[in-house]
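Below you'll find the structure, written out as structure tokens, and then a few comments.
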Amino acid sequence: MRGRGTGLKIYGTLIFVFLYFPMVIVLLFSFSPTRTIVGLSGLTLKWYQELFQDPRLLIAFWHTVMVGLCAVAIATVFGTAGAFFVTRVEFPGKGVFRALVMLPFLLPGIIMGVTLLIFFRNLNVHLSMFTILMGHVSFTTPLVMFQVSSRLSRMGPTYRWAAMDLGANPVQTFWHVTLPMIRTALIGAGLLAFTVSFDEIVISYFLTGTWMTLPVYIYGMMRFGLSPKVYAISTIILILSLVLITFMARYTGRSADTYRVRKRDAG
Amino acid sequence: MKADNAIDLVNVTKKFDEVTAVSKFTVEIRKGEFFSLLGPSGCGKTTTLRMIAGLEVPTEGQILLEGGDVSSTPAYRRNVNTVFQDYALFPHMTVRKNIYFPLKMKKISPSEAETRIERVLRLVNMEGFGNRLPQQLSGGQRQRIALARSLVNEPAALLLDEPLGALDFKLRVAMQKVLKDIQRNVGITFIYVTHDQSEAMTMSDRIAVMKDGLAHQIATPDEIYNNPSTAFVASFIGDMNFVHGTVLDNDGKTCVLDVEGQKVTAKRAVDLGKGAAALVCIRTERVQVNPHRSVENRVSAELSRIIYRGTDYEATCRIGRAELRAVVQAVTWDAALRVGGTVELAWNAEDVIVFPREEEKDVIKYSGEAV
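As you go down the protein sequences, you meet chains P and F in turn. According to the numbering used here, the stretch in the first sequence is residues 106 to 372, in order. According to the numbering used here, the stretch in the second sequence is residues 8 to 378, in order.
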């Protein structure tokens, strides 16, 4: 018994190290004044300073945030509408429809990237923020739709029936009952969509012209070798992602109980 | 279709694709009546309730609410409210806000609403719970709040869809009394859906017993128990013996039948001719074991099983191939009786109910009580 437990513990630790060691290395390197970690001599913030003096990098960062926010806004509207459609309307081939809608999220980015590039080229659409945004909308929309539709189906139709029974017309029912009840799913889906959009590179790379997002820009930087600036920016992105994921975890619970517990804490 | 009816259903039919959920249901429900829709699952009782609520549109027929046709009025413009089986209290609103919701939809002023909310909370004995969230309440408390929320607008009728289904047995019995008391207090028409025959029997003024979309009988609990109109009703309510018989003689008032070579007399109008195959029904508690008084029907039988149930004994007896159960109060039980012995069973001719043998397929083998 004891031996098996110890074995599992070692195994678990190894997996943990395998997953997180590279990140720790990047984090350490970003504070190292030399380019090597061997003989780490003091800590420095100079790479971070250099980051903030690189206007092109700052612009790329701003682009990424902009694309992320716009993609989230569009995906939330369309994804939510789609979620209502698939949970409330019965039609033949619904399962196939759901799978097809999820596809842009599940397909390898390279397929989506090439496909969209061919599509835009054929329509003579100039590669710009718009093309990147459309690329991001294509995979964030199914994400939102999935989150919201699973919340809707978990909720069931009874609350809606109850609201109508108590005198609320369809608009009032949506506004006073359905929307507040899917609010957490919407916020969670939005945060997740933003996180995914923020570090997306493959599709963006295909659809990018001169208008670059941060991941594409970093990729470009790496052609001149691994500069400690890359470590610094990676560390910032890592921390930002962790913050977003933490918030998201609060909002996207699997069971209805998550909602309850959270509410009670707030009250 | 009198004006003092709360609800009239006229030939109401509901079809889902090819499946007929409710078939030509006609009933007049009086104001202030406690009316139950009783039947096994899938009998159409909930569909009927949902049509009255406006959550389903009837395929055919009319629904009148206080004399006015509401067949195509949406749920939110009907003056009826529903207590759902899982209560459907809005989890993001406090108890007070839940009860305020229907008032807000009707644009009742906040001060007026406040008095009404307090009054209805007092009615269901839940004062002081206004600021709780639904998930901080027990099942029984949620039930009361759902009731309060549905009553606060003083609807023309309150619809209840198996409201006690989620509660455990003791609480269910307690809530039956609470519901009945509240109904008497407010005088609002209650339409109550249940599959639990004892619940329907205890609470209702009248019951509609349904099966496969058809209302088999609409009558008072007493009438349904003593004069069931079909073998299904006879089997669904109470504990009934069913044995095969053949009509020997029938003059329209008294019917004599042959059951396993013994004569059984039924004193009631039976619509079967001489030689017809019959299904003979006798309530288990009306069968007497070795009686002292003389009654019309006496047969000898072999005692094959005895079950002690606290307040009573259930004795299963064999008459040829037929089996008859007698439920005897424990205080009157003869302790000398043994399995394998011979007993004399007896019952009054008034207690024998006779149906055509074809109805045997509708017989529910176990009583409809929720397990």
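Note that the Cβ used here is the ideal one computed from N, Cα and C, for glycine as well.
Proximal residues to residue i (C-beta, below 6 Å), its chain only, five neighbours per side dropped
{"i": "K52 (chain F)", "result": "L44, G46, V200, M217"}
{"i": "L319 (chain P)", "result": "A165, F166, T169"}
{"i": "D370 (chain P)", "result": "Low confidence applies here, because D370 (chain P) scores a pLDDT of 38, under 50, leaving its location unreliable and the question unanswered by this model."}
{"i": "V306 (chain F)", "result": "Q269, I326, L352"}
{"i": "T185 (chain P)", "result": "V253"}
{"i": "S311 (chain F)", "result": "T323, R325"}
Proximity test, Cβ basis, 8 Å: residue i and chain F
{"i": "N227 (chain P)", "result": "no"}
{"i": "R359 (chain P)", "result": "Below a pLDDT of 50, predicted positions are generally treated as unreliable, and R359 (chain P), at 47, falls in that range; no measurement from the model is reported."}
Residues near residue i by beta carbon distance below 8 Å, same chain, minus five either side
{"i": "K281 (chain F)", "result": "V254, L255, D256, N257"}
{"i": "P333 (chain P)", "result": "F134, S135, S137, R140, W152"}
{"i": "K22 (chain F)", "result": "A28, T66"}
{"i": "R265 (chain P)", "result": "T278, V282, T283"}
{"i": "I115 (chain F)", "result": "R123"}
Neighbour list for residue i in chain P, Cβ cutoff strictly below 9 Å
{"i": "Y83 (chain F)", "result": "A268, M269, D270, L271, G272, A273, N274, P275, Q277, T278"}
Residues that residue i contacts on chain F, provided the C-beta gap is smaller than 7 Å
{"i": "L125 (chain P)", "result": "Per the sequence shown, the amino acid found at residue 125 (chain P) is Tyr instead of Leu. Chain F residues near Y125 (chain P): none, gap ~37 Å exceeds 7 Å."}
{"i": "T263 (chain P)", "result": "F91, D93, A95"}
Alpha carbon of residue i to alpha carbon of residue j, nearest angstrom
{"i": "M234 (chain P)", "j": "P209 (chain P)", "result": "19 Å"}
{"i": "R328 (chain P)", "j": "I120 (chain P)", "result": "31 Å"}
{"i": "A329 (chain F)", "j": "S48 (chain F)", "result": "30 Å"}
{"i": "K372 (chain F)", "j": "N248 (chain F)", "result": "10 Å"}
{"i": "A298 (chain P)", "j": "G112 (chain P)", "result": "38 Å"}
{"i": "V359 (chain F)", "j": "I289 (chain F)", "result": "5 Å"}
{"i": "A238 (chain F)", "j": "R364 (chain F)", "result": "9 Å"}
{"i": "V131 (chain P)", "j": "L345 (chain P)", "result": "15 Å"}
{"i": "M217 (chain P)", "j": "T313 (chain P)", "result": "14 Å"}
{"i": "E367 (chain F)", "j": "G252 (chain F)", "result": "12 Å"}
{"i": "T376 (chain P)", "j": "A82 (chain F)", "result": "This structure gives no information on residue 376 (chain P), because the portion of chain P shown stretches from 106 to 372."}
{"i": "I214 (chain F)", "j": "E230 (chain F)", "result": "10 Å"}
{"i": "F225 (chain P)", "j": "A153 (chain F)", "result": "55 Å"}
{"i": "L140 (chain F)", "j": "A120 (chain F)", "result": "19 Å"}
{"i": "W415 (chain P)", "j": "P228 (chain F)", "result": "The structure shown does not extend to residue 415 (chain P), since chain P spans only 106 to 372, so no value can be given for it."}
{"i": "D203 (chain F)", "j": "T351 (chain P)", "result": "48 Å"}
{"i": "T33 (chain F)", "j": "V370 (chain F)", "result": "24 Å"}
{"i": "D24 (chain F)", "j": "S30 (chain F)", "result": "14 Å"}
{"i": "V224 (chain F)", "j": "L56 (chain F)", "result": "Reading off the sequence shown, one finds Gln at residue 224 (chain F), where the question assumed Val. Cα to Cα, the separation comes out at about 17 Å."}
{"i": "G317 (chain F)", "j": "T339 (chain F)", "result": "13 Å"}
{"i": "L158 (chain F)", "j": "Y107 (chain F)", "result": "11 Å"}
{"i": "P127 (chain P)", "j": "I179 (chain P)", "result": "35 Å"}
{"i": "L166 (chain F)", "j": "F362 (chain F)", "result": "34 Å"}
{"i": "V250 (chain F)", "j": "Q148 (chain F)", "result": "46 Å"}
{"i": "Y99 (chain P)", "j": "G147 (chain P)", "result": "In the structure displayed, chain P extends from 106 to 372; residue 99 (chain P) sits before or after that span and is not available."}
Neighbour flag for residue i against chain P, beta carbons, 8 Å
{"i": "A238 (chain F)", "result": "no"}
{"i": "R156 (chain F)", "result": "yes"}
{"i": "A60 (chain F)", "result": "yes"}
{"i": "P65 (chain F)", "result": "no"}
{"i": "N304 (chain F)", "result": "no"}
{"i": "I124 (chain F)", "result": "no"}
Proximal chain P residues relative to residue i, where beta-carbon distance stays under 7 Å
{"i": "Q113 (chain F)", "result": "Checking the displayed sequence, the identity of residue 113 (chain F) turns out to be Lys instead of Gln. By Cβ distance, chain P contributes G272."}
{"i": "N88 (chain F)", "result": "D270, L271"}
Reference residue i; option with closest CA among the options
{"i": "R84 (chain F)", "options": "F:E267, F:K113, F:K260", "result": "F:K113"}
{"i": "V334 (chain F)", "options": "F:N86, F:N297, F:E367, F:P98", "result": "F:N297"}
{"i": "T245 (chain P)", "options": "P:L174, P:D159, P:I341, P:W152", "result": "P:L174"}
{"i": "T289 (chain P)", "options": "P:F224, P:R256, P:P275", "result": "P:R256"}
{"i": "V206 (chain P)", "options": "P:F190, P:V219, P:I215", "result": "P:F190"}
{"i": "L171 (chain F)", "options": "F:H299, F:G146, F:V34", "result": "F:G146"}
{"i": "V77 (chain F)", "options": "F:R300, F:L221, F:L62", "result": "F:L62"}
{"i": "L294 (chain F)", "options": "F:Y320, F:N192, F:A13, F:L286", "result": "Before going further, note that residue 294 (chain F) is Val rather than Leu in the sequence given. With distances taken between Cα atoms, V294 (chain F) lies closest to F:Y320."}
{"i": "P162 (chain F)", "options": "F:N304, F:R275, F:T54, F:K38", "result": "F:K38"}
{"i": "M182 (chain F)", "options": "F:M210, F:R156, F:T196", "result": "F:M210"}
{"i": "L286 (chain F)", "options": "F:S242, F:P117, F:M58, F:D212", "result": "F:S242"}
{"i": "I313 (chain F)", "options": "F:R332, F:N234, F:D246", "result": "F:R332"}
Chain-ordered chain P contacts of residue i [CB-CB under 8 Å]
{"i": "P109 (chain F)", "result": "L271, G272"}
{"i": "G192 (chain F)", "result": "Inspection of the sequence shows that residue 192 (chain F) is occupied by Asn rather than by Gly. Within 8 Å Cβ-Cβ: nothing; N192 (chain F) doesn't reach chain P, min ~21 Å."}
Same chain only: Cβ atoms within 7 Å of residue i, ignoring 5 sequence neighbours per side
{"i": "F203 (chain P)", "result": "Note that residue 203 (chain P) corresponds to Arg in the displayed sequence, not to Phe. Around R203 (chain P): V191."}
{"i": "T101 (chain F)", "result": "G137, N138, R139, L140"}
{"i": "G194 (chain F)", "result": "G39"}
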